[in-house]
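In the working numbering, the protein residues as written are 14 to 508.
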Amino acid sequence: MKRFHILGLVFLAMAASGTLLWGGVPGTDIFVPSLARTHGAHGSMWYATAWIHNPGTAEVQVTVSYLRRDQSNPAPMQQTVIVQPGETMKLGDVFQDLFGLEDAKGALRFQSTGKIVVSTRSYNLTTAGLADSQGQFLSGMPAELALAAGEKTSIPGITQPADESFRCNYAMVETVGGTADVRVSLFDRDGVPRASKTYSLAPYQPVQFNLSDLGAGLTVDGGRLDVEVLSGSGKVLTFASMVGNGTLSQDPSTLEMEYELETGGGSGSGVTAGKIASGAVTSGKIADGAVTSSKLAASAVTNSKLASGAVTTSKISASGASSGQVLKASGGSVVWANDETGGLTLPYQGQGSTSGSPLFKVTNASNGTTISANNNSNGFALYAKSASGTAIHALGSGSGHSALDAHATSSGIAVTAIAESGATAALAATNGTFTAIVANGSHGLQVSGPPATAHSVIYGAATGSVGWGVQGVGNASGQRGIVGQSDHGYAVVGE
14 MKRFHILGLV
24 FLAMAASGTL
34 LWGGVPGTDI
44 FVPSLARTHG
54 AHGSMWYATA
64 WIHNPGTAEV
74 QVTVSYLRRD
84 QSNPAPMQQT
94 VIVQPGETMK
104 LGDVFQDLFG
114 LEDAKGALRF
124 QSTGKIVVST
134 RSYNLTTAGL
144 ADSQGQFLSG
154 MPAELALAAG
164 EKTSIPGITQ
174 PADESFRCNY
184 AMVETVGGTA
194 DVRVSLFDRD
204 GVPRASKTYS
214 LAPYQPVQFN
224 LSDLGAGLTV
234 DGGRLDVEVL
244 SGSGKVLTFA
254 SMVGNGTLSQ
264 DPSTLEMEYE
274 LETGGGSGSG
284 VTAGKIASGA
294 VTSGKIADGA
304 VTSSKLAASA
314 VTNSKLASGA
324 VTTSKISASG
334 ASSGQVLKAS
344 GGSVVWANDE
354 TGGLTLPYQG
364 QGSTSGSPLF
374 KVTNASNGTT
384 ISANNNSNGF
394 ALYAKSASGT
404 AIHALGSGSG
414 HSALDAHATS
424 SGIAVTAIAE
434 SGATAALAAT
444 NGTFTAIVAN
454 GSHGLQVSGP
464 PATAHSVIYG
474 AATGSVGWGV
484 QGVGNASGQR
494 GIVGQSDHGY
504 AVVGE
């Protein structure tokens, strides 16, 4: 899409009053694309004057670079000047005053520690003296207004008629140290294309051409040039000049590139981000509520752009969240999810790996049950399986307390132990003069084994000099410590 830019003496359209204001464009990196101290056509002798104005309240240091025409300028000649607050420094013969040059053609670049306004005059000085000189005004052009790849501007008023009363030159300069392919196209006053040519600019290279460079014998009266950056990382500023072509008069006129300033009206693209000086838009210049989400480019607001403490809870939308949920990372995004710290959401499963501390540990600092498992239907209330080692290990460290207490109501079974493939269903061992298993009730301990096998249903072994492998005690009249019943073979065998 074509974008228009107006530079030099800038027209600022005031939306409220329609008033036109004239003025230079302040900046900290300013270019004048073409100036000279050299001999010209028809015996003319061209000089250049520059004014540097400091509109601020602190002194500024300005580095002026001379970019030689028709070449790359990676390390140009430079001089530095100090401009006081409110001062306008005049350099009457800028190439001689700053660089001591008798002959110079090219662009000037002004880099400043604070905003400045640069104005220049290019003039033909005759033997009649300065009062009879003929010149043109050239405003310094901020680098922010340079055209990047895909951008285009127009220069209206191009005049080089058949009667040769005027000649027309156009100039360009690359501003960021890149390369740029630039197409220059000529149209007559009716918009009919006349000629076109593509130029390749090197880093910081200024160029200037007569209209005849687009084609020998070209004439136009009041036409226009379109300047478009086709490709490359470079950026380009441009303007044109129409000069009286007589033997006495060399009166020049500046023809400026166009840009559009939008102050609330118009159909143009307005002032884009690339055209705003760094630091120009502060928070105090933005109305409350002016910057909405639709005005922000994707990924434009990064962490470094947020002030400390800027994002408070009141600025976070709770849309889509349920009570108690928190923000969590999920696949590169942040989503609302349940807060699983301090509680489990069922069903729950997980896995881990450890050779020391337990994967799951619960401590009860007071009385009461630490872990309770209850199954109201079929299935296991607590199921433990170990491929190698102990599935459940219970340790009672207090006198008279049980490491594992299982209680069955009605006809239920408190503990079921099943052994397969020669394994031990339940193993109880004591390291001292203690009882490993105590069973109370009408059938405190009931065991059964598969029929017609050689496996032991209960096996008790005492390996010390005292003690019993299995001991049964009947503490009341008519009670039995051990009862054995068998339909075939021995119910109880002791060795």
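Beta carbons are placed, not taken as given, at the ideal position from N, Cα and C, and that holds for glycine.
Taking the alpha carbon of residue i as the reference point, which residue from the options has its own alpha carbon closest?
{"i": "residue 185", "options": "201, 172, 156, 294", "result": "156"}
{"i": "residue 45", "options": "361, 395, 370, 77", "result": "77"}
{"i": "residue 229", "options": "152, 139, 175", "result": "175"}
{"i": "residue 206", "options": "233, 180, 266", "result": "233"}
{"i": "residue 219", "options": "271, 117, 299, 84", "result": "84"}
{"i": "residue 204", "options": "170, 221, 227, 73", "result": "170"}
{"i": "residue 71", "options": "96, 89, 43", "result": "96"}
{"i": "residue 199", "options": "367, 231, 68", "result": "231"}
{"i": "residue 93", "options": "49, 351, 125", "result": "125"}
{"i": "residue 101", "options": "80, 122, 52, 69", "result": "69"}
{"i": "residue 54", "options": "334, 180, 317", "result": "180"}
{"i": "residue 335", "options": "347, 352, 319, 346", "result": "352"}
{"i": "residue 123", "options": "429, 363, 73", "result": "73"}
{"i": "residue 105", "options": "143, 429, 89", "result": "143"}
When you compare the CB positions of residue i and residue j, do they come within less than 8 angstroms of one another, or not?
{"i": "residue 137", "j": "residue 148", "result": "yes"}
{"i": "residue 249", "j": "residue 208", "result": "no"}
{"i": "residue 64", "j": "residue 128", "result": "no"}
{"i": "residue 172", "j": "residue 235", "result": "yes"}
{"i": "residue 168", "j": "residue 237", "result": "yes"}
{"i": "residue 217", "j": "residue 86", "result": "yes"}
{"i": "residue 187", "j": "residue 214", "result": "yes"}
{"i": "residue 41", "j": "residue 107", "result": "no"}
{"i": "residue 47", "j": "residue 263", "result": "no"}
{"i": "residue 145", "j": "residue 51", "result": "no"}
{"i": "residue 227", "j": "residue 197", "result": "yes"}
{"i": "residue 49", "j": "residue 135", "result": "yes"}
{"i": "residue 333", "j": "residue 247", "result": "no"}
If I'm right that residue i touches residue j with Cβ under 8 angstroms, what's the distance once you round it to whole angstroms?
{"i": "residue 240", "j": "residue 166", "result": "5 angstroms"}
{"i": "residue 133", "j": "residue 153", "result": "7 angstroms"}
In whole angstroms, what is the alpha-carbon distance linking residue i and residue j?
{"i": "residue 306", "j": "residue 372", "result": "46 angstroms"}
{"i": "residue 379", "j": "residue 321", "result": "44 angstroms"}
{"i": "residue 310", "j": "residue 303", "result": "15 angstroms"}
{"i": "residue 26", "j": "residue 343", "result": "In this prediction, residue 26 scores a pLDDT of 33, lower than 50, which makes its location untrustworthy; the coordinate-derived value is nonetheless stated afterwards. One C-alpha to the other measures close to 50 angstroms."}
{"i": "residue 98", "j": "residue 39", "result": "14 angstroms"}
{"i": "residue 391", "j": "residue 375", "result": "27 angstroms"}
{"i": "residue 484", "j": "residue 403", "result": "25 angstroms"}
{"i": "residue 269", "j": "residue 323", "result": "44 angstroms"}
{"i": "residue 407", "j": "residue 395", "result": "14 angstroms"}
{"i": "residue 308", "j": "residue 60", "result": "47 angstroms"}
{"i": "residue 349", "j": "residue 67", "result": "54 angstroms"}
{"i": "residue 163", "j": "residue 242", "result": "6 angstroms"}
{"i": "residue 384", "j": "residue 315", "result": "48 angstroms"}
{"i": "residue 265", "j": "residue 299", "result": "42 angstroms"}
{"i": "residue 223", "j": "residue 150", "result": "19 angstroms"}
{"i": "residue 161", "j": "residue 313", "result": "20 angstroms"}
{"i": "residue 337", "j": "residue 159", "result": "53 angstroms"}
{"i": "residue 496", "j": "residue 405", "result": "29 angstroms"}
{"i": "residue 382", "j": "residue 399", "result": "24 angstroms"}
{"i": "residue 113", "j": "residue 121", "result": "15 angstroms"}
{"i": "residue 317", "j": "residue 370", "result": "42 angstroms"}
{"i": "residue 82", "j": "residue 202", "result": "30 angstroms"}
{"i": "residue 210", "j": "residue 341", "result": "57 angstroms"}
With a threshold of 16 other CB atoms inside 10 Å of the CB of residue i, please say whether the residue is buried or exposed.
{"i": "residue 393", "result": "exposed"}
{"i": "residue 182", "result": "buried"}
{"i": "residue 498", "result": "exposed"}
{"i": "residue 37", "result": "buried"}
{"i": "residue 360", "result": "exposed"}
{"i": "residue 256", "result": "buried"}
{"i": "residue 43", "result": "buried"}
{"i": "residue 75", "result": "buried"}
{"i": "residue 251", "result": "buried"}
{"i": "residue 366", "result": "exposed"}
{"i": "residue 319", "result": "exposed"}
{"i": "residue 80", "result": "buried"}
{"i": "residue 131", "result": "buried"}
{"i": "residue 221", "result": "buried"}
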